[in-house]
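Asker:
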Amino acid sequence: MTGCQNEPAQPCCDLSSSHCPKFSARQSLLIRDDAYGVDEASHPRIAAQLMASPHAQKLQIVVNRRSSQQPQHIYRYFRDLGATFLQFIPLVETEDSGSLSPASVQPEEWGAFLVAVFDLWVREDMGKIRVHHFDCALNIWRGHPAQIACDGAALPNECRECMVYRFCHGDCPKHRIASGKSALCAGYRHFFTYSAPHMKAMRDLLKQRRSPIELMALLKRSQ
Ligand code: SF4
Numbered sequence: 003m004t005g006c007q008n009e010p011a012q013p014c015c016d017l018s019s020s021h022c023p024k025f026s027a028r029q030s031l032l033i034r035d036d037a038y039g040v041d042e043a044s045h046p047r048i049a050a051q052l053m054a055s056p057h058a059q060k061l062q063i064v065v066n067r068r069s070s071q072q073p074q075h076i077y078r079y080f081r082d083l084g085a086t087f088l089q090f091i092p093l094v095e096t097e098d099s100g101s102l103s104p105a106s107v108q109p110e111e112w113g114a115f116l117v118a119v120f121d122l123w124v125r126e127d128m129g130k131i132r133v134h135h136f137d138c139a140l141n142i143w144r145g146h147p148a149q150i151a152c153d154g155a156a157l158p159n160e161c162r163e164c165m166v167y168r169f170c171h172g173d174c175p176k177h178r179i180a181s182g183k184s185a186l187c188a189g190y191r192h193f194f195t196y197s198a199p200h201m202k203a204m205r206d207l208l209k210q211r212r213s214p215i216e217l218m219a220l221l222k223r224s225q
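Counting in the working numbering, the sequence shown tops out at residue 225, every number present.
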């Protein structure tokens, strides 16, 4: 995915620990809790860590298998804490057998997670909060080149012939499985296909020099 260049490079606030490292000249705060997921039990720790960070409005959130099953909860929680930028980073770990680890997000769940967050964002929060995957997809719909840091030379034909290739580019090489495509392939296909009508509507509004935020009102009226 185009987020390849955005692999976690930020200081990590590990929520399984009571210690939060100091954040200095960084731009955002990485939220990761591989052991427990971001659930109600971790809220006090998250809130305390965010308050201690100068970058609490720009968050990178690692999504593991457990947290992938709570998309609305995760999104609303960080939105209501005042975040203005969210980047969701899927946890993808492969075992020696080649299968995903139990903590890893599953492809279908990753797609469902992105779709559920998109549905909330496009109806409630456009203009208030930015979500990295949505920004990237809209930029590509508008004709801007994808920000790719990955070499696509080794991608299988399935990727090169894929309908969502221009958005996904086979995902980050770290996430690819033996077939050469992403372990999260099904999820990306689902999300980019599902979001396409709304993305096209936003692109068309922008072409008419109108705000894409008008889509929120249009969706409300159609409910
Ligand atoms: S086939 Fe899968 S991994 Fe390859 S570009 Fe399409 S969605 Fe991405």
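Just so it is clear, CB atoms sit at the ideal spot from N, CA and C, and this is done for glycine as well.
According to the Cβ coordinates, are S197 and L116 closer than 9 Å?
Answerer: The residue given as residue 197 occupies position 195 in the sequence shown. The residue given as residue 116 occupies position 114 in the sequence shown. Closer than 9 Å, so yes.
Asker: In the DSSP assignment, what residue or residues form a beta bridge with R132?
Answerer: The count along the sequence shown starts at 1 and reaches residue 132 at position 130. According to DSSP, which records beta bridges pairwise, R132 is partnered with F87.
Asker: What's the gap between the Cα of A37 and the Cα of D206?
Answerer: Numbered from its first residue, the sequence shown carries residue 37 at position 35. Numbered from its first residue, the sequence shown carries residue 206 at position 204. Note that A37 has pLDDT 40, beneath the 50 cutoff, so the model's placement of it is unreliable and the number below is only indicative. Cα to Cα, A37 sits roughly 43 Å from D206.
Asker: What's the call for S20, buried or exposed, on a 16-neighbour Cβ count within 10 Å?
Answerer: Position 18 of the sequence shown, counted from the start, is the residue given in the question as residue 20. For S20, the predicted model reports a pLDDT of 31, less than 50, meaning its position is unreliable; a value from the coordinates is still stated below. With fewer than 16 other Cβ atoms within 10 Å, it is exposed.
Asker: Who are the near neighbours of L140 in its chain, counting only those whose CB is closer than 8 Å to its CB and skipping five residues on each side?
Answerer: Reading the sequence shown from its first residue, position 138 is the one you call residue 140. Excluding residues within five positions, the ones whose Cβ falls inside 8 Å are M201, M204, R205, P214.
Asker: Are there 16 or more other CB atoms within 10 angstroms of the CB of H254, so buried, or fewer, so exposed?
Answerer: Missing from the structure shown is residue 254; the chain here goes from 3 to 225 and no further.
Asker: Determine the closest residue to A148 out of T195, C174, A156, P104, with distance taken between C-alpha atoms.
Answerer: To locate residue 148, count along the sequence shown from 1; it is residue 146. It is C174.
Asker: May I ask which residues mark the beginning and end of the beta strand (DSSP E) holding V65?
Answerer: Taking the sequence shown and counting its residues from 1, one reaches residue 65 at position 63. Counting along the chain, the beta strand (DSSP E) containing V65 begins and ends at 60-65.
Asker: Alpha carbon to alpha carbon, how far is V119 from R81? Give it in angstroms, no decimals.
Answerer: Your numbering for residue 81 matches position 79 in the sequence shown. Your numbering for residue 119 matches position 117 in the sequence shown. Between R81 and V119, the C-alpha separation is close to 11 Å.
Asker: Return helix, strand or coil for S181, following the three-state DSSP convention.
Answerer: Along the sequence shown, one-based indexing puts residue 181 at 179. The answer is coil: DSSP assigns S181 none of H, G, I, E or B.
Asker: Quick check: is any heavy atom of the ligand SF4 less than 8 Å from the C-beta of F194?
Answerer: Taking the sequence shown and counting its residues from 1, the one referred to as residue 194 is at position 192. At least one heavy atom of the ligand SF4 is nearer than 8 Å to the Cβ of F194, so yes.
Asker: Just reading off the alpha helix (DSSP H) that V94 is part of, what are its end residues?
Answerer: On the sequence shown, position 92 is the one that residue 94 refers to. First-last for V94: undefined, no H or E at that position.
Asker: Could you tell me the alpha carbon to alpha carbon distance between I91 and Q62, rounded to whole angstroms?
Answerer: Within the sequence shown, numbered from 1, the residue matching residue 91 stands at position 89. Within the sequence shown, numbered from 1, the residue matching residue 62 stands at position 60. Taking the straight line from one Cα to the other gives about 7 Å.
Asker: Can you tell me which of the three DSSP states L238 falls into?
Answerer: Because the chain in this structure spans residues 3 to 225, residue 238 falls outside the shown range and cannot be described.
Asker: What are the boundary residues of the alpha helix (DSSP H) that includes K202?
Answerer: Taking the first residue of the sequence shown as position 1, residue 202 is located at position 200. Run containing K202: 187-209, per the alpha helix (DSSP H) assignment.
Asker: Could you check which residue in R223, H171, S181, E216 has the C-alpha nearest to that of D127?
Answerer: Mapped onto the sequence shown, residue 127 falls at position 125. Selected option, being the one with the closest Cα: E216.
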